[in-house]
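**Q** Position one of the sequence shown corresponds to residue 1 (the numbering used here), numbered consecutively onward.
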Amino acid sequence: MTDTTIVSAAIYPPIGVMRVGNSEQAYFIGPEVNEPPVQSEEFYRDKTGALKRQAARFRIYGLNAAGEVVQELTATNANITWHAQLANQKSSWYEFQLALDIPEAVTAPPSYLRNKATQDRSTLLIDGGSNQLSGTEQNGNNTKFVGKFEDKDVYLGEMRTDEQGRLIMLGGHGKSENLKGEPAITFGNNDGWYDDTSDGPINAKVIFNEQALPVKPAWVICAPPDYAPLQKSVRTMWDLMRDVAVTADMLPKPKQPSFTHDILPVFQRMTNLQWVNAGFAAGFGWNSPFDFTSEQWLKKLADPSPIWQESRRTLYHNFRRLDCEFVTGENPYKVSVWDPKPSALSAQQWPWIYGDAMGTNANNSPRQFSSLTRLQLNALAQWVDGDFIADYDPSYQSAKYIDDLPVAEQPDMLTRAAMEFCLADAFHPGCEMTWPMRTAGMYSEAYRLHHATNTAPTHGINYGPVMTPEITRQPDGPLLSGQVAGGITRWMAIPWQTDTASCRDGYNSAYDPYLPTFWPARVPNNMLNEQNYHIVIDESKPIEQRQAAFNEREFWLDDLPIGPSDDYEAQINSMVTGFGQLAVVLEQTKLGVTDFPSSMQVGLTPNNDEPCVVFKASKRAEFKHADKTRHRPDLSATDKANRYQGDK
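Here it is in structure tokens:
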């Protein structure tokens, strides 16, 4: 029998994710299960058409002496006081050049301090301070996190509680600014700018049965909006953190992969990217050669018998492999550091996503393109041999709400849900978090960050004028000494809008205008727009016209307020205030439609945003038959595409 005596507690998820939004009041709770229910556009936008903020909700679970979950602790059975701290260190931190944990960082430009001419570095650090909150349904009026950038107040977020006393964390409103009115000129290191993303520790004081319990803390980060909330990248942050934990012996090595939970997602995520990238639509989309949602493919993929083994092997060899040889059996990892297989250099290998050392002029780095994690590749190798759990059930429905699961399963699900909707593609630098997250020393246990003894934010001058790989590896460096408020997001681009507007596809258009791509699961490249969707489902129209409409994908950034433009700097600056006008790619279903899928993901823009509607209407008339790539500026010469140019 399970020991039901609670001796400690833990906060879940270990890392929660807030996202900015330009709605003044409205928000929604971020994913709490890994396959949440499909939501309407109103779930993500308020009545004015503004993007709602995504909130992170935290729960506390009581644990027995073996560390097993006994029950959730709420305001109904415990006395809980939440503590949180937020900061933004971006402007006082170091420039992003390349991920500092890869060999190519040696040849990258130095990572100098941002705003290095500023003498008083403390004026660049936005310290939102700390707050505490207890009780139920608290509205956050007295728990706002407000810091200063130079002399300007910057709101970073606030604390609230729900009807059970669980913590709800809200981040910023997506406000970014240069106080001198100077434009942004690059994707990641714009001096004089601030934004209102942040991160910091979450703690709680818990009194249960009149006893104070030790509580494992959590962390919260504030990230850009999720413009494609139904999408997951082929390698998610959960996949990466799991791989880190297994390699560091924080988790046991998995023995046999599940087809439903480990194998099928890899393939179906590539097919689902058809709704956010035209290249994936052609290669993996509806009726394509590799439509892995089709019944024909599902029967082959799920069958462990030798009948389809060669098909499995052929598919496996399409995946890019970096740095390691993979074997099955007792020792799943046979490491051969920095000894890439030849396939790593090919853009044609799967997945078709840029890597940490992406460069339009580079041709000698295996990290130009992304790969799966070692765990994912090893699972695929076992799948080739038929050594997997054949648990595919076409009628299987995962839990749609966290309370549908037994309480013992809820913590792991909360952990997975939060991180599966974060990216671990190219850390260049990334969307939510970046390369430090693959450093085992960052964690106190699997998925849970190690907190510094004092979590007050610091600024970069503590480490000298230049950040180097050697500094990051020191015990007292910024990774291994424990995390402080603002310590996760400080490695990201400033402001976030300029990087989001720079994360495109097909930088080398001579190879392909759509492939490879950066981060389409969060930042769409091309989308099926509303006008074309209505043509596709109109069965009175000729099939040729419907097929043409289905195949045509609009350039997502064309919806910026400046209208179609091939001026890169105009686009990244327009994104600063216009990010809320961009489409959110959501599922639209029409049962009974023939020749096309009944459910499609469509880019939906705020219809009640008058300037945007007028602009889109005129654009539709003017560019109805235009080449959809003609508004895409050539980014091959930008610093986004040339952080690494190969060995000199």
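Ideal placement from N, C-alpha and C gives every residue a C-beta, glycine not left out. Please read these numbers as outputs of a predicted model, since none were measured by experiment.
Figure out for me which residue from 103, 587, 321, 557 has the closest Cα to the Cα of residue 381.
**A** 321
**Q** Return the chain-ordered list of same chain residues with a C-beta closer than 6 Å to the C-beta of residue 538, the five sequence neighbours on each side being excluded.
**A** If we look at residue 538 and ignore the five residues flanking it on each side, it has no Cβ neighbours.
**Q** Between which two residues does the alpha helix (DSSP H) containing residue 243 stretch?
**A** 237–247
**Q** Taking only the alpha-carbon atoms, compute the straight-line gap between residue 562 and residue 220 and give it to the nearest angstrom.
**A** 34 Å
**Q** Which residue wins for smallest C-alpha separation from residue 28, given the options 46, 14, 13, 15?
**A** 46
**Q** Taking a contact to mean a Cβ-Cβ separation below 8 Å, would you say residue 135 touches residue 222 in this structure?
**A** no
**Q** Only counting the same chain, and skipping five residues up and downstream in sequence, which positions put a Cβ closer than 6 Å to that of residue 597?
**A** 286
**Q** How many whole angstroms separate the CB atoms of residue 501 and residue 571, which I take to be in contact at a CB cut-off of 8 Å?
**A** 5 Å
**Q** How long is the line joining the alpha carbons of residue 137 and residue 167, rounded to whole angstroms?
**A** 9 Å
**Q** By Cβ distance below 7 Å, which residues in the same chain neighbour residue 457 in space, the five residues on each side in sequence not counted?
**A** Hits under 7 Å: 87, 89, 125, 127, 484, 485, 486.
**Q** Would you mind stating whether residue 51 and residue 21 have Cβ atoms separated by less than 8 Å?
**A** yes
**Q** How big is the Cα-Cα spacing for residue 432 and residue 96?
**A** 14 Å
**Q** Taking just the CA atoms, how far does residue 33 sit from residue 417?
**A** In a straight line, the C-alpha of residue 417 is about 5 Å away from that of residue 33.
**Q** Could you give the residue range of the alpha helix (DSSP H) that holds residue 54?
**A** No alpha helix (DSSP H) contains residue 54, which is instead part of the beta strand (DSSP E) from 53–63.
**Q** Please return the same chain residues whose Cβ sits closer than 6 Å to the Cβ of residue 155, not counting the five positions on each side in sequence.
**A** 146
**Q** Indicate the three-state DSSP secondary structure (helix, strand or coil) for residue 312 in the structure shown.
**A** Here residue 312 carries a helix assignment [DSSP, helix/strand/coil].
**Q** The ligand ZN and residue 606: does any heavy atom of the ligand fall closer than 7 Å to the residue's C-beta?
**A** By its list of ligands, the structure shown contains no ligand whatsoever, and the ligand ZN lies outside what it can speak to.
**Q** Looking at C-beta atoms only, is the number of pairs between the region 190–206 and the region 469–482 that lie closer than 8 Å three or more?
**A** no
**Q** If you reduce the DSSP assignment to three classes, tell me which class residue 575 lands in.
**A** helix
**Q** Can you list, in chain order, the residues of its chain with a C-beta nearer than 8 Å to that of residue 394? Leave out the 5 residues immediately preceding and following it.
**A** Non-local C-beta neighbours of residue 394 in its own chain, meaning closer than 8 Å and more than five positions away in sequence, comprise 298, ordered along the chain.
**Q** Rounded to the nearest angstrom, what separates residue 292 and residue 530 at their Cα positions?
**A** 25 Å
**Q** DSSP beta-bridge partners for residue 649?
**A** Residue 649 falls outside the range modelled here, since the chain spans only 1 to 648, and no answer is possible.
**Q** For the region 237–255 against the region 440–455, are there 3 or more C-beta pairs whose distance is under 8 Å?
**A** yes
**Q** Hey, how far is the Cα of residue 405 from the Cα of residue 80?
**A** 23 Å
**Q** Between the alpha carbons of residue 262 and residue 373, how many angstroms are there, rounded?
**A** 12 Å
**Q** Within 10 angstroms of its Cβ, does residue 528 collect 16 or more other Cβ (buried), or is it exposed?
**A** buried
**Q** Which full runs of the beta strand (DSSP E) of 3+ residues lie inside the region 129–173, going along the chain?
**A** 144–149, 152–161, 167–170
**Q** By the DSSP assignment, the alpha helix (DSSP H) with residue 499 in it spans what residues?
**A** 496–500
**Q** Restricting to Cα atoms, I'd like to know which of 640, 228, 425 is closest to residue 237.
**A** 425
**Q** Pull up the CB-CB distance for residue 702 and residue 591, whole angstroms please, since I reckon it's below 8 Å.
**A** Not covered by the structure: residue 702. The range shown for the chain is 1 to 648.
**Q** For residue 555, name the three-state secondary structure that DSSP assigns.
**A** For residue 555, the three-state secondary structure derived from DSSP is strand.
**Q** Among 122, 93, 5, whose alpha-carbon lies nearest the alpha-carbon of residue 64?
**A** 5
**Q** Would you mind working out which of 37, 497, 151, 633 sits nearest residue 176, comparing C-alpha positions?
**A** It is 497 whose Cα lies nearest to the Cα of residue 176.
**Q** Name, in chain order, the residues that DSSP records as bridge partners for residue 8.
**A** 63
**Q** Please give me, in chain order, every unbroken run of the alpha helix (DSSP H) with length at least 4 that falls completely inside the region 238–300.
**A** Scanning the region 238–300 for uninterrupted alpha helix (DSSP H) segments of 4 residues or longer gives 264–272, 278–284, listed from N- to C-terminal end.
**Q** Alpha carbon to alpha carbon, how far is residue 15 from residue 368? Give it in angstroms, no decimals.
**A** For residue 368 and residue 15, the distance between alpha carbons rounds to 29 Å.
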